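Undergrad: Below you'll find the structure I mean.
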Ligand code: COI
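Numbering (full-length UniProt numbering), first residue to last: 32 to 386.
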């Protein structure tokens, strides 16, 4: 609980910026690291026990050159956001969902996992200790980045004997350089993101560097990002490098089912739950790439990305265009979700933790 917030040293003067200076930064927030004051660190061992951790000043830390995470990529990450409400309190969105996803990922990556209670408490401590870095309402949010990494030494391929659970924070605004403008996606056919029975559904760090090459290539050609297809048939949609995908036709919204290759996004899950309230039926199923030609709207979802409209998708030689802007379901979902997250729309599902 919040009362267990540890007293820790003051940030050093070089790390400590004046509040007025911080205020000025809110205007141009994108999605880059802005170092904050504190991070949370806990250690877990082979016997699957995670001791309660503590806050320390944000900064570099030492690991063995033979740490499991450095040598064999034994690591997971999460992402969630804290928003500042008009009354000054901070709001966290479904943090226990991140905890549960980390637990599932830890099992797959052979690491001990923090309990849901420890995870949520650690998020609260990290958010509260960095509260001066939470942007004012409507200016952005404090992105919280939990990591679970094998920090113990290994040489042969084996689980690291010690793991570290760490959370750091950074104020963020829009994820894409497009801001809130519609995205232009490119359907990637040369590279795959995930394979059947692989780790596509796990938020492991090792799923993310491999997508950089296709992403960089697409960006050089003027696209926002790439959309992956299933590796077996190349006929079905999977996800974008950093977010899930939805297509809209009439009053039906479809998104690829979480079949092991798709990341089970918490924003994805929330959109699936909210859309029926807005008069749409949601289908989680195989979504054919051919359906892109018939769709009225396409949008992406993710913690970092939010609910983002897609304006065009280029598939082979064809550039498909979609409805964006006023009156779209994408816009309604986005404003409903952001409203719940920032405390301006009633949270009838008990998703919010106010701290
Ligand atoms: C998030 O949306 O929080 C993610 O973890 C995606 C990441 C590539 C920024």
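Ideal placement from N, C-alpha and C gives every residue a C-beta, glycine not left out. Computed from a predicted model, the values in this text were never measured in an experiment.
Drop a sphere of 10 angstroms on the beta-carbon of residue 282, count the other beta-carbons inside from all chains shown, and report buried for 16 or more, exposed for fewer.
TA: Result: exposed.
Undergrad: So, is residue 383 buried or exposed, given that buried needs 16 or more other C-beta atoms within 10 angstroms?
TA: The residue in question, residue 383, is buried, as its Cβ has 16 or more Cβ neighbours within 10 Å.
Undergrad: From what residue to what residue does the alpha helix (DSSP H) around residue 139 run?
TA: That run of the alpha helix (DSSP H) goes 126 to 139.
Undergrad: Short of 7 Å in beta carbon distance, which residues of its chain neighbour residue 332, apart from the five on each side in sequence? Order them along the chain.
TA: Here the set comprises 274, 275, 277, 296, 298, 299, 302 and 338.
Undergrad: Using a Cβ-Cβ cut-off of 6 Å (strictly less than) and excluding sequence neighbours within five positions of residue 308, which residues of its own chain qualify?
TA: No residues qualify anywhere along the chain.
Undergrad: With a CB to CB cut of under 6 Å and the five nearest residues on each side skipped, what residues in its chain are close to residue 183?
TA: Same-chain partners within the cutoff: 191, 192 and 193.
Undergrad: Closest by CA to residue 135, which one among 375, 72, 231 and 212?
TA: Among 375, 72, 231 and 212, the Cα nearest to that of residue 135 is on 231.
Undergrad: Pairing CB atoms from the segment 175 to 182 with CB atoms from the segment 92 to 99, are three or more of them under 8 Å?
TA: With the cut-off at 8 Å, the segment 175 to 182 and the segment 92 to 99 touch.
Undergrad: Determine, using beta-carbon pairs with one atom in the segment 238 to 255 and one in the segment 283 to 290, whether at least three such pairs fall under 8 Å.
TA: With a cut-off of 8 Å, the segment 283 to 290 and the segment 238 to 255 do not count as touching, because too few Cβ pairs lie within range.
Undergrad: Considering residue 270, what are the terminal residues of the beta strand (DSSP E) in which it resides?
TA: 268 to 271 is the span of the beta strand (DSSP E), which, as asked, contains residue 270.
Undergrad: Less than 8 Å between the CB atoms is what I'm expecting for residue 112 and residue 174, so what's the real figure, rounded?
TA: About 6 Å; that satisfies the 8 Å criterion.
Undergrad: Using C-beta distances below 6 Å, list every residue in its chain close to residue 229, excluding the 5 sequence neighbours before and after it, in chain order.
TA: Once the five neighbours on either side are set aside, residue 229 has no close Cβ partner at all.
Undergrad: On the three-state DSSP scale, how would you describe residue 81?
TA: Strand.
Undergrad: How would you label residue 169, buried or exposed, when you count the other beta carbons within 10 angstroms and need 16 or more for buried?
TA: Classification of residue 169: exposed, given that the 10 Å Cβ count is below 16.
Undergrad: With DSSP run on the structure shown, which of helix, strand or coil describes residue 377?
TA: Of the three classes helix, strand and coil, the one that applies to residue 377 here is coil, per DSSP.
Undergrad: Measuring straight from C-alpha to C-alpha, what distance separates residue 166 and residue 59?
TA: Distance between the alpha carbons of residue 166 and residue 59 is about 11 Å.
Undergrad: Cα separation between residue 386 and residue 127?
TA: Straight-line Cα distance between these residues: approximately 15 Å.
Undergrad: Can you look up residue 163 in the DSSP assignment and give me helix, strand or coil?
TA: Three-state result, residue 163: helix.
Undergrad: Taking only the alpha-carbon atoms, compute the straight-line gap between residue 202 and residue 119 and give it to the nearest angstrom.
TA: Distance between the alpha carbons of residue 202 and residue 119: 16 Å.
Undergrad: Closer than 6 Å to a non-hydrogen atom of ligand 1 - does that hold for the CB of residue 333?
TA: Indeed, a heavy atom of ligand 1 lies less than 6 Å from the Cβ.
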